[in-house]
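Engineer: Encoded as structure tokens, here's the structure I'll be asking about.
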Amino acid sequence: MNLLITGGTGFIGSQLIENLKAEGHSITVLSRSESKEKDGVRYVQWLHNNAKPEEELTPPDAVVNLAGVSINEGNWSEEHQKKIYESRMEATDELLRILEVLNGKPDVFVNASAIGIYPTSETHVYTENSPEIAHDFLGETVHEWEKKASKMKEFGTRVVYTRFGTVFGKGGGALPLIALPYKLFAGGPIGSGQQWISWVHVEDVARAISFVISTPSLEGPVNVTAPAPVRMSDLGKAIGSVTHRPHWLPVPGIAMKLALGKKSKLVLEGQHVLPEKLIESEFTFKYPAIRPALANILE
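Under full-length UniProt numbering, read the sequence shown as residues 1 to 299, first letter to last.
In structure tokens form, the structure reads like this:
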């Protein structure tokens with residue numbers, strides 16, 4: 001299969017490309033760097049002055065749009081929030097423009113998304129059928145991003161919004177921030193400890209994207225979270241157990257807010273989200289439970 005990917009050099013994109021290469025697919029990545037071929041992957045320049053990627057591309061069978069500034073970076077100042085929002089909108093606009101001028105249209109368009117579209121709650125359980133939308137920065141950004149990606153339906157393309165949970169993996173994601181106090185022997189409950197963490201291993205994220213591409217029945221929102229979310233207190237205990245560090249020193253919410261600003265929302269508030277569509281489609285998670293996932297990453 002001929003696949004076109006944006007955001008292919010990021011945390012999730014790098015894992016996805018390794019998986020797709022192992023499956024034998026032909027991969028083209030839209031990149032800000034000069035066009036080149038490396039390790040069996042073709043890189044085509046875009047979002048750069050005078051770049052005309054449409055002249056170098058053949059119509060793809062599938063597109064995966066992961067482009068955008070990471071929400072795990074920066075301090076979520078107003079300026080940084082603007083970058084998070086605009087990087088997604090501008091990249092998706094340009095991708096839509098490129099696909100519109102190509103002769104053939106993709107069979108499927110997979111757009112990255114996030115469970116941040118759901119309101120935070122300690123009691124509610126969300127699935128893809130939940131109609132609630134969070135009216136905050138993350139919720140509105142995700143909602144607008146999905147709305148923009150939905151324009152691909154006009155080409156007769158199947159559109160999927162992969163709503164990623166809190167992604168754990170080596171060398172990126174949210175886990176380094178959460179695990180750091182444990183490495184310093186100062187780990188403990190963060191905030192109330194009752195907030196839900198709907199996590200997922202980065203390998204399962206990449207596997208889920210491949211699964212979505214090859215499963216024609218999947219469209220619209222697809223939650224990409226492990227089937228067993230955990231509360232923050234239980235996550236902390238698991239991290240302490242795996243790293244052989246104590247879980248004893250509470251971290252007050254106010255301390256996290258002072259240290260991280262608005263980004264503290266990522267660890268102080270959460271949602272209980274289930275991957276109902278993946279489960280019903282018989283997707284098999286490699287890491288369905290938190291302890292084996294943490295052991296793979298932290299040991």
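Yeah, the Cβ is synthetic: ideal placement off N, Cα and C, and Gly gets one too.
Note that the structure is a prediction, hence the values are computed from the model and not measured.
In whole angstroms, give me the CA-to-CA distance for GLU73 and PRO275.
Structural biologist: Rounded to whole angstroms, GLU73 and PRO275 show a C-alpha spacing of 26 Å.
Engineer: Quick one, which of THR141, LEU102, LEU57 has its alpha-carbon nearest MET89's?
Structural biologist: THR141
Engineer: Measure the alpha-carbon distance for residue 300 versus ALA259 and round it to whole angstroms.
Structural biologist: Residue 300 cannot be examined here, being either before or after the span of the chain that is shown, 1 to 299.
Engineer: Less than 7 Å separating the beta-carbons of LEU66 and ILE12?
Structural biologist: yes
Engineer: Quick check on ASN2: does DSSP put it in helix, strand or coil?
Structural biologist: Assignment of ASN2 by DSSP, reduced to helix, strand and coil, places it in the strand class.
Engineer: Comparing C-alpha positions only, which one of PRO250, LEU138, THR157 sits nearest to ARG163?
Structural biologist: LEU138
Engineer: So what's PRO221 in DSSP terms, helix, strand or just coil?
Structural biologist: strand
Engineer: Could you check what DSSP says for LEU102 in three-state terms: helix, strand or coil?
Structural biologist: Looking at LEU102 - three-state DSSP - the assignment turns out to be coil, as it is neither helix nor strand.
Engineer: Taking the C-alpha atoms as reference points, what is the distance between LEU102 and ARG158?
Structural biologist: 17 Å
Engineer: From ARG97, LYS83, VAL63, pick the residue whose C-alpha is nearest to that of ALA112; which is it?
Structural biologist: VAL63
Engineer: What does the alpha-carbon distance come out to for the pair GLU280 and THR127?
Structural biologist: GLU280 and THR127 have their C-alpha atoms some 12 Å from each other.
Engineer: Distance check for GLY187 and GLU18, CA to CA, integer angstroms please.
Structural biologist: 33 Å
Engineer: When you compare the CB positions of ILE133 and HIS124, do they come within less than 7 Å of one another, or not?
Structural biologist: If you check the CB distance, ILE133 and HIS124 do not come in under 7 Å.
Engineer: In terms of alpha-carbon separation, which member of TYR287, ALA295, GLY270, ILE297 lies closest to GLU122?
Structural biologist: GLY270
Engineer: Could you check which residue in GLN194, SER210, LEU278, PHE285 has the C-alpha nearest to that of THR120?
Structural biologist: GLN194
Engineer: Does the count of Cβ pairs from the segment 39-49 and the segment 241-248 closer than 8 Å reach three?
Structural biologist: With the cut-off at 8 Å, the segment 39-49 and the segment 241-248 do not touch.
Engineer: Which value, in whole angstroms, describes the spacing of the CA atoms of HIS247 and ALA206?
Structural biologist: 31 Å
Engineer: From what residue to what residue does the alpha helix (DSSP H) around SER14 run?
Structural biologist: 11-22
Engineer: When the Cα atoms are used, what is the spatial distance from ALA289 to VAL230?
Structural biologist: 9 Å
Engineer: For ASN129, count neighbouring C-beta atoms within 10 Å of its own C-beta (all shown protein chains included) and say buried if the count is 16 or more, exposed if not.
Structural biologist: exposed
Engineer: Taking 8 Å as the limit between beta carbons, can you name the residues of its chain near GLU146, skipping five residues before and five after?
Structural biologist: ASN111, SER113, ILE117, TYR161, PRO221
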